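Before any comments, here is the structure.
Residue numbers (our numbering): 5 to 205.
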(Lines of atoms letter the chains of each structure in order from A and count residues from 1; the text may use other names and numbers.)
(Lines give C-alpha, C1' and ligand atoms only; values in the text may rest on other atoms or scores of the structure.)
Protein backbone atom coordinates (compact mmCIF):
# COMPACT_ATOMS: atom_id res chain seq x y z
CA UNK A 1 0.00 0.00 0.00
CA UNK A 2 2.84 2.38 0.86
CA UNK A 3 4.43 1.73 -2.53
CA UNK A 4 1.16 2.58 -4.30
CA UNK A 5 0.76 5.84 -2.38
CA UNK A 6 4.41 6.74 -3.01
CA UNK A 7 4.00 6.09 -6.73
CA UNK A 8 0.88 8.27 -6.84
CA UNK A 9 2.69 11.09 -5.07
CA UNK A 10 5.67 10.82 -7.42
CA UNK A 11 3.43 10.77 -10.49
CA UNK A 12 1.50 13.79 -9.26
CA UNK A 13 4.70 15.74 -8.64
CA UNK A 14 6.13 14.82 -12.05
CA UNK A 15 2.94 15.96 -13.78
CA UNK A 16 2.79 19.13 -11.70
CA UNK A 17 -0.50 18.18 -10.09
CA UNK A 18 0.52 18.38 -6.46
CA UNK A 19 -0.40 15.72 -3.93
CA UNK A 20 -3.56 13.74 -4.77
CA UNK A 21 -6.53 14.36 -2.51
CA UNK A 22 -7.69 11.24 -0.73
CA UNK A 23 -11.44 10.86 -0.21
CA UNK A 24 -12.44 11.35 3.41
CA UNK A 25 -15.66 10.36 5.04
CA UNK A 26 -17.63 13.28 6.48
CA UNK A 27 -17.48 13.30 10.27
CA UNK A 28 -21.04 13.71 11.66
CA UNK A 29 -19.74 14.82 15.07
CA UNK A 30 -17.95 17.93 13.75
CA UNK A 31 -19.63 21.15 14.96
CA UNK A 32 -19.50 24.50 13.19
CA UNK A 33 -19.89 27.08 15.99
CA UNK A 34 -21.33 30.58 15.65
CA UNK A 35 -22.37 30.23 12.03
CA UNK A 36 -25.13 32.19 10.32
CA UNK A 37 -28.37 30.97 8.78
CA UNK A 38 -31.04 32.77 6.81
CA UNK A 39 -33.93 32.48 4.39
CA UNK A 40 -33.10 31.37 0.86
CA UNK A 41 -33.46 34.22 -1.59
CA UNK A 42 -31.39 36.92 -3.28
CA UNK A 43 -28.00 37.82 -1.87
CA UNK A 44 -27.76 41.45 -0.78
CA UNK A 45 -24.27 41.68 -2.26
CA UNK A 46 -25.61 40.77 -5.72
CA UNK A 47 -28.11 43.65 -5.66
CA UNK A 48 -26.49 46.23 -3.35
CA UNK A 49 -22.83 45.23 -2.93
CA UNK A 50 -22.11 48.25 -0.76
CA UNK A 51 -24.22 46.73 2.04
CA UNK A 52 -22.09 43.67 2.76
CA UNK A 53 -19.60 41.21 1.34
CA UNK A 54 -21.26 38.34 3.22
CA UNK A 55 -23.67 35.81 1.76
CA UNK A 56 -26.78 37.14 3.61
CA UNK A 57 -30.04 36.87 1.66
CA UNK A 58 -33.53 38.36 1.52
CA UNK A 59 -36.65 37.15 -0.24
CA UNK A 60 -39.49 39.22 -1.76
CA UNK A 61 -42.91 38.22 -0.43
CA UNK A 62 -46.42 39.21 -1.48
CA UNK A 63 -48.49 39.51 1.68
CA UNK A 64 -51.73 39.69 -0.29
CA UNK A 65 -51.50 35.91 -0.65
CA UNK A 66 -53.28 34.20 2.24
CA UNK A 67 -52.08 31.02 3.93
CA UNK A 68 -48.66 29.48 4.50
CA UNK A 69 -45.56 29.71 2.34
CA UNK A 70 -42.29 27.94 3.02
CA UNK A 71 -38.74 28.96 2.17
CA UNK A 72 -35.58 26.97 2.76
CA UNK A 73 -33.44 27.87 5.75
CA UNK A 74 -29.80 27.95 4.67
CA UNK A 75 -26.71 27.89 6.88
CA UNK A 76 -23.12 28.89 6.13
CA UNK A 77 -24.01 29.38 2.43
CA UNK A 78 -23.35 25.64 2.18
CA UNK A 79 -26.17 23.72 3.90
CA UNK A 80 -29.98 23.55 3.97
CA UNK A 81 -31.03 22.95 7.57
CA UNK A 82 -34.78 23.58 7.73
CA UNK A 83 -37.41 26.06 6.64
CA UNK A 84 -38.88 29.50 7.27
CA UNK A 85 -42.68 29.64 7.28
CA UNK A 86 -44.66 32.81 6.48
CA UNK A 87 -48.32 32.67 7.52
CA UNK A 88 -50.77 35.34 6.33
CA UNK A 89 -54.25 35.40 7.86
CA UNK A 90 -56.30 38.44 6.96
CA UNK A 91 -54.34 41.51 8.03
CA UNK A 92 -51.88 39.50 10.12
CA UNK A 93 -48.56 37.93 9.19
CA UNK A 94 -46.63 35.57 11.46
CA UNK A 95 -43.17 34.11 10.97
CA UNK A 96 -41.63 30.96 12.36
CA UNK A 97 -38.70 28.74 11.48
CA UNK A 98 -38.10 25.03 11.87
CA UNK A 99 -34.58 23.62 12.15
CA UNK A 100 -34.23 20.04 10.91
CA UNK A 101 -30.53 19.84 11.80
CA UNK A 102 -30.36 17.71 14.93
CA UNK A 103 -28.62 19.09 18.02
CA UNK A 104 -28.44 22.60 16.57
CA UNK A 105 -28.15 25.37 19.14
CA UNK A 106 -29.59 28.80 18.31
CA UNK A 107 -27.52 31.60 19.82
CA UNK A 108 -29.57 34.50 18.47
CA UNK A 109 -32.42 35.12 16.04
CA UNK A 110 -33.51 38.13 14.01
CA UNK A 111 -35.92 39.04 11.28
CA UNK A 112 -37.37 42.15 9.74
CA UNK A 113 -39.30 43.32 6.70
CA UNK A 114 -38.00 46.03 4.38
CA UNK A 115 -40.58 47.90 2.26
CA UNK A 116 -38.17 48.23 -0.69
CA UNK A 117 -34.49 48.12 -1.65
CA UNK A 118 -34.06 51.87 -1.30
CA UNK A 119 -34.89 51.66 2.41
CA UNK A 120 -32.05 49.21 3.14
CA UNK A 121 -28.91 50.89 4.45
CA UNK A 122 -27.80 48.22 6.94
CA UNK A 123 -27.92 44.42 7.25
CA UNK A 124 -26.19 44.04 10.61
CA UNK A 125 -28.87 43.01 13.16
CA UNK A 126 -27.30 45.27 15.80
CA UNK A 127 -27.90 48.25 13.54
CA UNK A 128 -31.48 47.15 12.85
CA UNK A 129 -32.55 46.53 16.44
CA UNK A 130 -35.38 49.06 16.21
CA UNK A 131 -36.78 47.25 13.15
CA UNK A 132 -36.62 43.72 14.59
CA UNK A 133 -39.75 41.60 15.01
CA UNK A 134 -40.37 38.54 17.16
CA UNK A 135 -40.87 35.09 15.67
CA UNK A 136 -44.27 33.63 16.49
CA UNK A 137 -45.95 36.99 17.11
CA UNK A 138 -48.54 38.28 14.65
CA UNK A 139 -47.84 41.57 12.88
CA UNK A 140 -50.54 43.80 11.45
CA UNK A 141 -49.82 44.50 7.80
CA UNK A 142 -51.74 47.76 8.05
CA UNK A 143 -50.33 49.00 11.35
CA UNK A 144 -46.85 47.44 11.60
CA UNK A 145 -45.95 47.37 7.91
CA UNK A 146 -47.72 50.58 6.85
CA UNK A 147 -50.20 48.63 4.73
CA UNK A 148 -47.57 47.69 2.14
CA UNK A 149 -48.12 44.11 1.00
CA UNK A 150 -44.95 43.81 -1.09
CA UNK A 151 -42.16 43.27 1.44
CA UNK A 152 -38.56 42.06 1.51
CA UNK A 153 -38.05 39.46 4.24
CA UNK A 154 -34.67 39.26 5.95
CA UNK A 155 -33.89 36.49 8.46
CA UNK A 156 -30.57 35.96 10.23
CA UNK A 157 -29.81 33.36 12.89
CA UNK A 158 -26.56 32.69 14.71
CA UNK A 159 -26.19 29.02 15.60
CA UNK A 160 -23.95 26.06 16.32
CA UNK A 161 -24.72 22.97 14.25
CA UNK A 162 -23.28 19.82 12.75
CA UNK A 163 -22.85 20.31 8.99
CA UNK A 164 -22.64 16.56 8.38
CA UNK A 165 -25.28 15.55 10.91
CA UNK A 166 -28.84 14.30 10.52
CA UNK A 167 -31.36 16.70 9.00
CA UNK A 168 -28.76 18.62 7.00
CA UNK A 169 -28.65 18.77 3.21
CA UNK A 170 -25.99 20.13 0.91
CA UNK A 171 -26.44 23.51 -0.78
CA UNK A 172 -24.43 25.44 -3.34
CA UNK A 173 -25.10 28.98 -4.60
CA UNK A 174 -23.66 27.75 -7.90
CA UNK A 175 -26.21 24.95 -8.17
CA UNK A 176 -28.68 25.11 -11.05
CA UNK A 177 -31.71 24.81 -8.76
CA UNK A 178 -30.65 27.83 -6.70
CA UNK A 179 -29.64 29.84 -9.77
CA UNK A 180 -33.08 29.28 -11.29
CA UNK A 181 -34.89 30.27 -8.10
CA UNK A 182 -32.72 33.34 -7.61
CA UNK A 183 -33.31 34.44 -11.22
CA UNK A 184 -37.06 34.10 -10.71
CA UNK A 185 -36.91 36.11 -7.48
CA UNK A 186 -34.98 38.91 -9.20
CA UNK A 187 -37.60 38.92 -11.95
CA UNK A 188 -40.36 38.95 -9.32
CA UNK A 189 -38.65 41.84 -7.54
CA UNK A 190 -38.40 43.86 -10.77
CA UNK A 191 -42.01 43.05 -11.71
CA UNK A 192 -43.19 44.18 -8.27
CA UNK A 193 -41.36 47.50 -8.63
CA UNK A 194 -42.95 48.01 -12.05
CA UNK A 195 -46.44 47.33 -10.67
CA UNK A 196 -45.86 49.82 -7.86
CA UNK A 197 -44.66 52.50 -10.29
CA UNK A 198 -47.71 51.96 -12.50
CA UNK A 199 -50.02 52.15 -9.47
CA UNK A 200 -48.55 55.52 -8.51
CA UNK A 201 -49.12 57.04 -11.98
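Using N, Cα and C, we set each Cβ at its ideal position, and we do this for glycine too.
The structure presented is a predicted model; accordingly, all values stated were derived computationally and were not measured.
With a beta-carbon spacing of about 6 Å, residue 110 and residue 161 fall inside the 8 Å limit used to define contacts. Burial is judged here by how many other beta carbons sit within 10 angstroms of a residue's own beta carbon; residue 69 has fewer than 16 and is exposed. In the three-state scheme derived from DSSP, where H, G and I count as helix and E and B as strand, residue 69 is classed as coil.
Uninterrupted beta strand (DSSP E) stretches at least 3 residues long and entirely within the segment 37-68 occur at 61-66, given in chain order. In the three-state DSSP reduction, residue 79 falls in the strand class (E or B). With fewer than 16 neighbouring CB atoms inside 10 Å of its own CB, residue 34 falls in the exposed class.
Counting the other CB atoms within 10 Å of its CB gives residue 54 a total below 16, which places it among the exposed residues.
With a threshold of 16 other beta carbon atoms within 10 Å, residue 178 falls short and is exposed. Counted as a single uninterrupted DSSP element, the stretch harbouring residue 35 is not any beta strand (DSSP E), since DSSP gives it neither H nor E.
Note on geometry: alpha-carbon atoms of residue 91 and residue 149 lie some 15 Å from one another.
Taking a C-beta distance under 8 Å as the contact criterion, residue 172 and residue 83 qualify as a contact pair.
For residue 144, the three-state secondary structure derived from DSSP is strand.
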